[in-house]
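Remarks on the structure that follows.
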Amino acid sequence: MGKKGVLLVNLGTPDSPEVPSVRKYLDQFLMDERVIDIPKFNRTLLVKGIIVPFRSPKTSKLYKEIWNENGSPLLHYSKIQAKLLQEKLGDDYHVELAMRYQSPSIESALANLKAGLVESIKVIPMFPQYASASSGSVMQLVMELVSKWQTVPPISFINSFHDNKQMIEVFAENARKHQPESYDHVLFSFHGLPERQLLKCDHTGSFCLKSSDCCETLSDTNKFCYSAQGHDTARLLAKELGISKENYTVCFQSRLGKEPWVQPYTTDVLKKLAAEGKKRLLVFSPAFVADCLETLYEITVEYHEEFKTLGGEHVQLVESLNDHPKFIEALEEMVKA
33 MGKKGVLLVN
43 LGTPDSPEVP
53 SVRKYLDQFL
63 MDERVIDIPK
73 FNRTLLVKGI
83 IVPFRSPKTS
93 KLYKEIWNEN
103 GSPLLHYSKI
113 QAKLLQEKLG
123 DDYHVELAMR
133 YQSPSIESAL
143 ANLKAGLVES
153 IKVIPMFPQY
163 ASASSGSVMQ
173 LVMELVSKWQ
183 TVPPISFINS
193 FHDNKQMIEV
203 FAENARKHQP
213 ESYDHVLFSF
223 HGLPERQLLK
233 CDHTGSFCLK
243 SSDCCETLSD
253 TNKFCYSAQG
263 HDTARLLAKE
273 LGISKENYTV
283 CFQSRLGKEP
293 WVQPYTTDVL
303 KKLAAEGKKR
313 LLVFSPAFVA
323 DCLETLYEIT
333 VEYHEEFKTL
343 GGEHVQLVES
353 LNDHPKFIEA
363 LEEMVKA
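Take the sequence shown: its position 297, counting from 1, is numbered 329 in this note's numbering, and each next residue is one higher.
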């Protein structure tokens, strides 16, 4: 029998931190109909006419701050994750890595699996919490590409792993290095989404955002809700570390535009905690499985500086899953499930 194919897909990264590469990356990313889910004509005007031309130089400077001898940290750790998973699974499996945007492409990774004559493909979008703009986009593109093949092998997808026990344990281990008890408050800061994208995931049309606590408990109604899954991840992490509910806050970073995004915003929470006299904050970013721009710069630099300006003293990032052996074991279990 042939090998079993595994496709790991993360979000993506520019090929270099220079403006042309960043422009190319942002253009592909933001033109995705699931990322900016407005009519194509409006999206094209917004992305190509406003966002990409003005944002590319600024974003390029940020990428230059985190770029190192290994290149992009996200791509560096993703390659290691794929390599370690291949070693863990052995010769009966063929593991490929892809990025939803830029290189290596999903199309090329699928072509490699096809050329390898795999008997099946398991796709793992590397986003713990499901969102249409991340996991959903990966699934859509994979199905579109494979639908053009003359022979379509069995394909399965991991929808989310927001409550994965080993993932929770890795984040908790990383947090213990910083002595969580020495901090005044803990933040679980997730990447933001427009509220309209949450509303679209409510198939009943009568639950999402109808109350201030609709995301705090996972149910059949909101089981695919990004915010609800994020709250569940935070609850499990807090339980693992013995952090009481009053000592942590779930919040959302990386807003774009003026319309309402999922709240509370991380910047607003920083202001509130500073006003309460909190000085030291420990921050998790559990929407990412590898450290990247949002963790290494947005939290470590921007939020730290913002909090100090507000009167705080220190914002400490809890490192991501990166190349932790226990996370590779978690991926192995997902593959074999």
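Glycine included, each C-beta is placed from N, C-alpha and C at the ideal position.
Asked, Found
"Alpha carbon of residue 204 to alpha carbon of residue 182, nearest angstrom", "46 Å"
"Burial state of residue 323, where buried means 16 or more other Cβ atoms lie within 10 Å", "buried"
"C-beta atoms of residue 168 and residue 66 nearer than 8 Å", "yes"
"Cβ-based neighbour list, residue 200, same chain, cut-off 8 Å, excluding 5 preceding and 5 following", "265, 268, 269 and 272"
"Candidates 307, 347, 164 and 85: closest to residue 51 by CA position", "85"
"Whole alpha helix (DSSP H) elements within the stretch 204-249, 4-residue minimum", "227-232"
"Opposing strand residues paired with residue 37 [DSSP bridges]", "126 and 153"
"Helix, strand or coil at residue 158 [DSSP, three-state]", "coil"
"Boundaries of the beta strand (DSSP E) in which residue 55 is found, first to last residue", "First-last for residue 55: 51-62, but that is the alpha helix (DSSP H), not the beta strand (DSSP E)."
"Bridge-paired residues (DSSP) for residue 348", "314"
"Three CB pairs or more closer than 8 Å across the stretch 45-62 and the stretch 171-191", "no"
"Per-residue DSSP class, three states only, for residue 91", "helix"
"Cβ neighbours of residue 282 in the same chain (closer than 6 Å, five flanking residues each side left out)", "220, 263 and 266"
"Neighbourhood of residue 310 by C-beta distance below 6 Å, restricted to the same chain and skipping five residues each side", "216 and 217"
"Among 196, 104, 111 and 314, nearest to residue 362 - alpha-carbon criterion", "196"
"Anticipated Cβ contact below 8 Å, residue 110 with residue 42, distance rounded", "5 Å"
"Per DSSP, the bridge partner or partners of residue 294", "Answer is none; residue 294 lacks a bridge partner."
"Start and end residues, alpha helix (DSSP H) containing residue 259", "258-273"
"Where the beta strand (DSSP E) through residue 282 begins and ends", "280-285"
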